[in-house]
Amino acid sequence: MDELRSELKRGTIEMILLILLNSKEMYGYQLVSELEKRGGALFQVKEGTLYPVLYRLEDKGFIESYRDIPERGVPRKYYKLTKSGIGYLQELLSEWRSFVNVIESFTEPKER
7 MDELRSELKR GTIEMILLIL LNSKEMYGYQ LVSELEKRGG ALFQVKEGTL
57 YPVLYRLEDK GFIESYRDIP ERGVPRKYYK LTKSGIGYLQ ELLSEWRSFV
107 NVIESFTEPK ER
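Numbering (this note's numbering), first residue to last: 7 to 118.
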């Protein structure tokens with residue numbers, strides 16, 4: 007079962023990060039915290055897992071980053087969704103909904 011969860015997480019992490027960034031700009035630790043808060047044990051990710059996904063999304067132009075240096079505190083690198091990222095997220099969500107609908111159709115009892 008752990009292998010299945012791992013594969014599902016790997017297949018959906020980009021979409022979930024884009025969903026989170028669609029609601030507001032966040033820095034890495036915020037994303038890790040929000041994933042854990044909303045996804046529980048299923049979406050506990052380490053920073054070593056998170057950042058390669060963020061870099062890949064940034065390389066594709068779906069997100070962009072900027073540094074914020076507060077008067078006090080630690081400088082943070084924030085990530086935000088781009089216009090192409092919003093379009094990509096819409097495509098992902100459409101595909102996801104279609105996929106879920108098909109899977110659910112297999113779980114519904116069929117008349118014989």
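Each residue gets a CB set at the ideal place from its N, CA and C atoms; glycine is no exception.
Note that this is a predicted model, so its numbers are computed, not measured.
TODO: Alpha carbon to alpha carbon, how far is S104 from I69? Give it in angstroms, no decimals.
DONE: Along the sequence shown, one-based indexing puts residue 69 at 63. Along the sequence shown, one-based indexing puts residue 104 at 98. Cα to Cα, I69 sits roughly 25 angstroms from S104.
- [ ] Spell out a yes or no on whether the stretch 36 to 45 and the stretch 7 to 26 are touching, meaning 3 or more CB-CB pairs, one atom from each, closer than 8 angstroms.
- [x] yes
Open item on the list: Restricting to Cα atoms, I'd like to know which of L98, I109, D65, Y57 is closest to M32.
Closed with: What you label residue 32 is simply residue 26 of the sequence shown in a count that begins at 1. Comparing Cα-Cα distances from M32 to each of L98, I109, D65, Y57, the minimum goes to Y57.
Task: Nearest candidate by alpha-carbon position, reference Y35, set R82, V106, S100, L14 - done: Stepping through the sequence shown from its first residue, residue 35 is reached at position 29. Closest option to Y35, Cα to Cα, is R82.
- [ ] Whole angstroms is fine: what's the gap from K116's alpha carbon to G79's?
- [x] By 1-based counting over the sequence shown, the position of residue 116 is 110. By 1-based counting over the sequence shown, the position of residue 79 is 73. Taking the straight line joining both Cα atoms gives about 60 angstroms.
TODO: Please classify S63: is it buried, with 16 or more other beta-carbons within 10 angstroms of its beta-carbon, or exposed?
DONE: Translated into the one-based positions of the sequence shown, residue 63 becomes position 57. Note on identity: in this sequence residue 63 is Leu, with Ser being the wrong assignment. The residue is buried, with at least 16 neighbouring Cβ atoms inside 10 Å.
TODO: Would you grab the beta carbon distance between D74 and Y84 for me? Rounded to a whole angstrom, and I think it's under 8 angstroms.
DONE: By 1-based counting over the sequence shown, the position of residue 74 is 68. By 1-based counting over the sequence shown, the position of residue 84 is 78. Indeed they touch by this definition, with Cβ atoms about 6 angstroms apart.
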